[in-house]
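Working notes for the structure below.
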Ligand code: HSE
């Protein structure tokens, strides 16, 4: 067996998890790969004097770039600035790069894949979506015979944990967020998770791979879960739904519709019962039909699991790129249909004096609506679900309703 040298850039949670997992299962991994491997460098600006891997630590990127023995590099630093520059230079030198960096892939995936191909190496990012869940490789390899019609996913563990606590323990959003922060799921600045930017980047990657053109974050309508209240959670439950933050991309026949937003998910849909920090991705395609991928979407060893899987693939495919892992650049978003031109059912909660008096008016605006019951509902509150209507039309009717009531909430259904 030949010996391949690897480098790891970033010795944080995922980086240290990758190194630990690699050495824990080294014999097994090498047997499966058919190559001996070793980690030669770990790049990090911090000092780790007590680490058992201290002899591998370097602060100098050039040690990795200029070492011809190093064939595969894991970029586990995150962010865009240094990660982009380092990744590009490594690929240009013919070194394969493996990453969990969703921000970088969502912004530069097409360019970095093309750079890898031009230099006879690979850019792999299984760990960038769904943590340890195998989804990138199934999408471009196992499902290569299918046309993908739709992808709907719970792509963020932190927000799924918060919503689970709201649904099952009746914690308010603020209390559930605090708990998520105490448990180390949410950052001190939780915006990337709770405002939907993190799942938006993941949806970009899945959508680009499934539909063949680079989908940038700015092409996707993105809203988070900050405004979801326990009132909404209770009304949704009474109507037979759980509220989930859903990344959804669908080929409508006249364009792709792509959104990340909270949705009422029918309890009969498998995504409705995916709880805590788990992620799940439901792929609908023409030959297979539905396939559900579920598991731990974040965390040290789940994410390291995907990184190490990519290392094995990169070592196996030295000097040959994986042709199917690719998508084309996109110059504009003309292949994306505005999400409000799509038909959707929405949940609406309003406040008005004697709200029940508005029922006939609401029916005249929307057609047949489902009014949702609630125990001890106050007289100034009403919630309902509209039929399937183009969303711009729903908004026009809501504007008329707003002349007689305060529209407190509008949430789309899945
Ligand atoms: N903050 C992310 C999550 C980590 O909660 O899912 C994985 O991207």
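Numbering (the working numbering), first residue to last: 2 to 415. No residue lacks a Cβ here, since even glycine has one placed at the ideal position from N, Cα and C. As the structure is a computational prediction, the values presented were derived from the model and not from experiment.
Quick check: what's the CA-CA separation for residue i versus residue j?
| i | j | result |
| --- | --- | --- |
| residue 282 | residue 153 | 6 Å |
| residue 314 | residue 34 | 8 Å |
| residue 312 | residue 114 | 16 Å |
| residue 121 | residue 89 | 13 Å |
| residue 129 | residue 379 | 45 Å |
| residue 233 | residue 22 | 42 Å |
| residue 139 | residue 404 | 50 Å |
| residue 210 | residue 15 | 24 Å |
| residue 356 | residue 396 | 19 Å |
| residue 280 | residue 297 | 6 Å |
When you measure from the CB of residue i to every non-hydrogen atom of the ligand SAM, does any distance come out below 7 Å?
| i | result |
| --- | --- |
| residue 158 | In terms of ligand content, the structure shown lacks the ligand SAM and carries the ligand HSE instead. |
How about residue i and residue j: are their beta carbons less than 8 Å apart?
| i | j | result |
| --- | --- | --- |
| residue 165 | residue 252 | no |
| residue 221 | residue 246 | no |
| residue 73 | residue 65 | no |
| residue 87 | residue 76 | yes |
| residue 84 | residue 67 | no |
| residue 8 | residue 44 | yes |
| residue 373 | residue 240 | yes |
| residue 310 | residue 132 | no |
| residue 271 | residue 249 | no |
Take residue i and list the residues in its own chain whose beta-carbon comes closer than 6 Å to its own, dropping the five residues that flank it on each side.
| i | result |
| --- | --- |
| residue 159 | 181, 186, 187 and 194 |
| residue 258 | 251, 338, 340 and 343 |
Can you check which of these residues, the options, is closest to residue i by C-alpha distance?
| i | options | result |
| --- | --- | --- |
| residue 366 | 197, 36 and 390 | 390 |
| residue 107 | 127, 121 and 97 | 127 |
| residue 104 | 327, 400, 325 and 204 | 204 |
| residue 362 | 406, 415 and 411 | 406 |
| residue 3 | 289, 16, 37 and 184 | 37 |
| residue 345 | 285, 329, 411 and 306 | 411 |
| residue 267 | 198, 321 and 414 | 414 |
| residue 306 | 32, 99, 53 and 80 | 99 |
| residue 262 | 354, 157 and 333 | 157 |
| residue 368 | 354, 310, 385 and 381 | 385 |
| residue 231 | 201, 321, 42 and 173 | 173 |
By Cβ distance, which residues of its chain are closer than 7 Å to residue i, with the 5 residues on each side in sequence left out?
| i | result |
| --- | --- |
| residue 408 | 349, 351, 399 and 402 |
| residue 237 | 243, 244, 265 and 348 |
Leaving out five residues before and five after residue i in sequence, what residues of the same chain have Cβ atoms less than 8 Å from its Cβ?
| i | result |
| --- | --- |
| residue 49 | 12, 55 and 58 |
| residue 317 | 34, 35 and 36 |
| residue 360 | 372 and 383 |
| residue 235 | 375 |
Output the residue ranges of the beta strand (DSSP E) runs that lie fully inside the region 132-197 and measure 3 residues or longer, sorted by chain position. 149-155
Just to confirm the assignment: which complete beta strand (DSSP E) runs, minimum length 3, are found wholly within the region 186-270? 242-252 and 257-267
Could you tell me which whole alpha helix (DSSP H) segments of length 4 or greater appear in the region 366-408? 392-402
Go through the region 262-322 residue by residue and report every complete run of the alpha helix (DSSP H) that reaches 4 residues or more, in order. 301-317
Please go through the region 72-115 and give each complete beta strand (DSSP E) segment of 3 or more residues, from N-terminal end onward. 97-100
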